[in-house]
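Before any comments, here is the structure.
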Amino acid sequence: MASKYNPQEIEKKWQLRWEADHVYEAHEASKRPKWYALTMFPYTSGDLHIGHWYAMAPSDVHARFKRMRGYNVLHPIGFDAFGLPAENAAIKHGIHPHTWTMRNIENMRRQLKSIGAMYDWSREVITCLPEYYKWTEWFFLKLYEAGLAYRAKAPANWCPQCKTVLANEQVVGEGVCERCGTPVIRKDLEQWFFRITKYAEELLEFSGIEWPERVKTMQRNWIGKSVGVEISFGLDVKGVSEKEIKVFTTRPDTIFGVTFMVLAPEHPLVAKLTTSEHKDEVRDYIEWTRGQTEIERLSTEKEKTGVFIGSHVINKLNGERVPIWIADYVLLSYGTGAVMGVPAHDQRDFEFAQDFGLPIKVVISPPGWGGEPLKEAYVEAGTMVNSGQFNGLPSEQGKEAVSDFMEEKGCGIRTISYRLRDWLISRQRYWGAPIPIVYCSKCGTVPVPEKDLPVLLPEDAEFKPTGESPLKYCASFVNTTCPKCGGHAQRETDTMDTFMCSNWYYLRYTSPGYDKGPFDDKKLAYWMPVDQYTGGAEHAVMHLFYARFFTKAIRDLGLVKFDEPFTRLFNQGTVVFAGAKMSKSRGNVVTPDEYVTKLGSDTVRAYLMFVGPWDQGGGWDDSGISGIWRWLNRAWNLVLDEQKSESLPPIEGAIENELRRRTHKTIKKVSEDLEKFRFNTMIAALMEFTNYLAKVKEERSIVHNAWKETIDTLLLLLAPSVPHLAEELWERTGHSYSIHNQSFPSWDEKMVVEEQFTLVIQVNGKLRDRVDVPVSIAETEVRELALSRERVRVHIDGKQIKDIIYVPGRLVNIVVK
RNA sequence: GCCGAGGUGGCGGAACCGGCAGACGCGACGGACUUAAAAUCCGUUGGGCUUCGGCCCUUGCGGGUUCAAAUCCCGCCCUCGGCACCA
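All the letters of the first sequence, read from the start, carry residue numbers 8 to 824 under our numbering.
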């Protein structure tokens, strides 16, 4: 026994040495091709849990692999440090958010270092420091100048728990806050928005990027593009100046089936168009809809409600008078806030018409329809009927014909609607980047000049949540002078959504200390875009969506030259514990520290890779971790232990060939699996290889060059996954430091080819025998061999052979009757 | 309701393009070492029958295609994720 595997000792040792030697610092001056490997940076919650490790360890292994494959790899790390939890903790414990956050960062840094990842710590970025948020504010100004940031009064999603408004993307499920699960309510407020809708069309593209189909689909659904027609209905009401109401529809072919019109209750024309005899009823209805929560209003289960407001519009295609109703199933925020009611061909309109006794007029004939009333809306394609000159047209053609006709007559125009709304970025909280805007009674809304950035967060603000920004009550912050006229002015007191901070952190990593701008153009040009981004899919329509928008926006400002920030994306799965995603706010975290202390980082890294496919995630269960621990110990002993017996036969002939063949096969398997993030099968292959080598060592004398080469290869294959163990064994086997500067082994395809294979013999598809044969065996030989086998004969004797199917290199199937 | 992913031993999971189902590991059982235990090592381990040669069944359920199906097709059931009155 040479020595025992002692991870506590060697891990610390190598981590310090790598850091002291700057092994993993990335430099632009390199002949190697660049590779920017990025893992979503963690929020500064205070503790790194197994879920973080699950995200970070395998992505580090991939980055290390790329490095050994000859790339100049940038693998940075930092902290997403602004946000509500810091402020909530401050309120609860009377500690300043800055203190709380920086203390957490210190602990997390220690934990992150224990992973043994190849992070380039010299590029650390912390979003809550003025040197960073100065540029967050700067980007706001750039977007503002470009007309991409604007302030508007709009119904906003208000979380009564977090006491702030939320973006649409942060309202999840049935209208609850993404962070705390509280049902959101509507509030009309003056808020800042980013004009993300301007990029709706380009955001649908995804050209030149390799992203999971799932994430692309989610983003496409979120954007919700609909192609249709905006149709004008005539309005002729005494004392009302408006002469039309526009509706958006994707079904212009059903225009002759309109039997009513529905406006959203908040539609601006409702007041004008309500006749005196309906005033009370309409007012009551609007009041009732206002009192409903989002959940109630959005429920698809509930009965349709609505009231007639007394006025009519004219369907310009057939001159029919159509009654105007209001109903809460029509949303003001989508399309024009008005809908043409075609009950025969839209299920919602159908239910509405049934509930209120409105006529249901069929204009698209279902196949075999004989004029009987419909039991439900017919929404499929069909033949146009009851539609004047369009009768007989298939509905798909009809769509075009009706659109053409309306465009000619000037009563309709082809248009596109999106479900996507502009991104609401104001937050009524303290711990975020201030919005650099000043309000002056003379000059109005004035952006803070660049030279005055950053607008610093005051240190002495009160954090009591009041529903308004704490900054509002901080006189020293609010009161300022107007940059234009020098007169009295007040600062904007809302801060920015933290997703604005994460919009550009990956740009900052390319030149973190730079102070003449958010980044150094040359360095940015070298590293960007990110080659491989990894993180959780929960950010599909938040961070990943905003960052794409942001990139396109600043590209149009001439600040960057690429269209997409992240070329490849991989979503690892979620680690579930006690029935929920592991997170500090849910209080179900398992910390890796005790495992690291007991078994070492290498064991934890390898175990997280081994438990299953990385994109699948799964429930946390440590029952298998001992398997990894045993394996690493076996590997350690395999490399260092003396042989038990001195009189073993040498490695030669077939054994030597087999040793080489298995080595090359393993290199191939490990390389291909690493490339595709199939860490679990990669670890399995390495275990198999280790087990095989242990057997060889039992039976043969290892005093042989082939053995030494094989062990070197094993260590190099292990290096990305278990970096400390590999480095230690590399040194102990007499190599020079560092294994992580070595090249990953390559395989020779010729060496992978087997000389023999196990021929499977089936009779009628059932396995009856198997026999090892040379790869070169001819089909006639296979047939003869198969038919002559004793175990086969039992099953074919006395039967007629119908067919013999031979799959070369695999099996032979004898079909008998 | 719609879209997507998935359902394989006691457990986590493997199986390339239709060709030996269950790799690799955990757990369990038996054995070695030990005064004993832990650790370690060796063996067995999907289920059922067995004359110990084998035979039959088995990848959520029911059909189908095929010499051959976990894999392809059709119809269901269940789990997870997303969307959900978007006109």
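Ideal Cβ positions, reconstructed from N, Cα and C, are used throughout, including at glycine. Note that the structure is predicted; figures quoted are calculated from it, not measured.
- Counting only the Cα atoms, Val789 lies some 59 Å from Asp127.
- With respect to the 7 Å criterion, Cys489 and Pro465 are not classified as neighbours on the basis of their beta carbons.
- Within the same chain, Cβ atoms closer than 8 Å to the Cβ of Val485 are found at Leu478, Lys479, Gln497, Arg498 and Thr500, the five residues on either side in sequence being excluded.
- When C-alpha distances from Leu723 are compared across Ile709, Thr740, Gln118 and His711, the shortest belongs to Thr740.
- The distance from the Cβ of Leu766 to that of Val778 is about 5 Å, consistent with a contact at the 8 Å cut-off.
- With fewer than 16 other Cβ atoms inside 10 Å of its own Cβ, Asp648 counts as exposed.
- Rounded to the nearest angstrom, the Cβ distance from Phe584 to Gly626 is 7 Å, consistent with a contact under 8 Å.
- In the DSSP assignment, Asn578 falls within the unbroken beta strand (DSSP E) covering Phe573 to Gln579.
- Between Thr257 and Ser233, the C-beta spacing is below 7 Å.
- Three or more beta-carbon pairs separated by less than 8 Å link the region 255 to 270 to the region 235 to 243, which places the two stretches in contact.
- One Cα belongs to Thr224, the other to His742, and the distance between them is close to 50 Å.
- Close CB contacts of Pro65 within its chain, under the 6 Å cut and outside five residues either way in sequence, are with Met616, Trp621 and Phe686 (chain order).
- Annotation: Cys166 to Ile423 spans about 31 Å, alpha carbon to alpha carbon.
- Less than 7 Å divides the Cβ of Pro730 from the Cβ of Gly123.
- One thing to note: Val244 has its Cβ within 7 Å of the Cβ of Ser318.
- Rounded to whole angstroms, the Cβ separation of Pro259 and Met413 is 7 Å, and the two are in contact under 8 Å.
- In this structure, the straight-line span from the alpha carbon of Ala33 to that of Arg24 is close to 17 Å.
- Fewer than three pairs of CB atoms, one per stretch, sit closer than 8 Å, so the region 156 to 175 makes no contact with the region 517 to 532.
- The continuous alpha helix (DSSP H) containing Tyr699 extends over residues Phe686 to Glu706.
- Annotated three-state conformation of Trp754 is coil, per DSSP.
- As the crow flies, the alpha-carbon of Leu196 is around 11 Å from that of Leu431.
- Ranked by how close their Cα comes to the Cα of Arg796, the residues Val68, Arg817, Pro781 and Gln769 have Gln769 in first place.
- Note that the region 50 to 64 touches the region 588 to 603; at least 3 beta-carbon pairs, one per stretch, sit closer than 8 Å.
- Three or more beta-carbon pairs separated by less than 8 Å link the region 272 to 280 to the region 331 to 340, which places the two stretches in contact.
- For the options Gly348, Thr343 and Lys323, the alpha carbon positioned closest to that of Pro330 is the one of Gly348.
- Ser410 sits away from Ile371, with the two beta carbons spaced by 7 Å or more.
- Rounded to the nearest angstrom, the Cβ distance from Phe240 to Lys368 is 16 Å, too far for a contact under 8 Å.
- Scanning its chain for C-beta atoms nearer than 8 Å, with the 5 sequence neighbours on each side dropped, one finds around Glu249 the residues Leu242, Leu276 and Lys279, in chain order.
- For His103 and Ala97, the gap between their C-alpha atoms comes out near 5 Å.
- Within the region 27 to 109, the runs of beta strand (DSSP E) that reach at least 3 residues and sit entirely inside it are, in chain order, 41 to 46 and 79 to 81.
- With respect to the C-alpha of Lys471, the residue from Asn698, Leu91, Thr541 and Lys41 having the closest C-alpha is Leu91.
- Scanning the region 479 to 562 for uninterrupted alpha helix (DSSP H) segments of 4 residues or longer gives 482 to 485, 512 to 515 and 528 to 534, listed from N- to C-terminal end.
- If you draw a straight line from the Cα of His69 to the Cα of Asn79, it is about 13 Å long.
- Residues Leu270, Ala271, Glu273, His274, Val337 and Leu338 of the same chain have their beta carbon placed closer than 8 Å to that of Gly344, with the five preceding and five following residues left out of the count.
- As summarised for the region 569 to 623, the continuous beta strand (DSSP E) elements at least 3 residues long and confined to that stretch are 573 to 579 and 582 to 584, given in chain order.
- Around the beta carbon of Val618, a 10 Å sphere encloses 16 or more other beta carbons of the protein chains shown; the residue is thus reported as buried.
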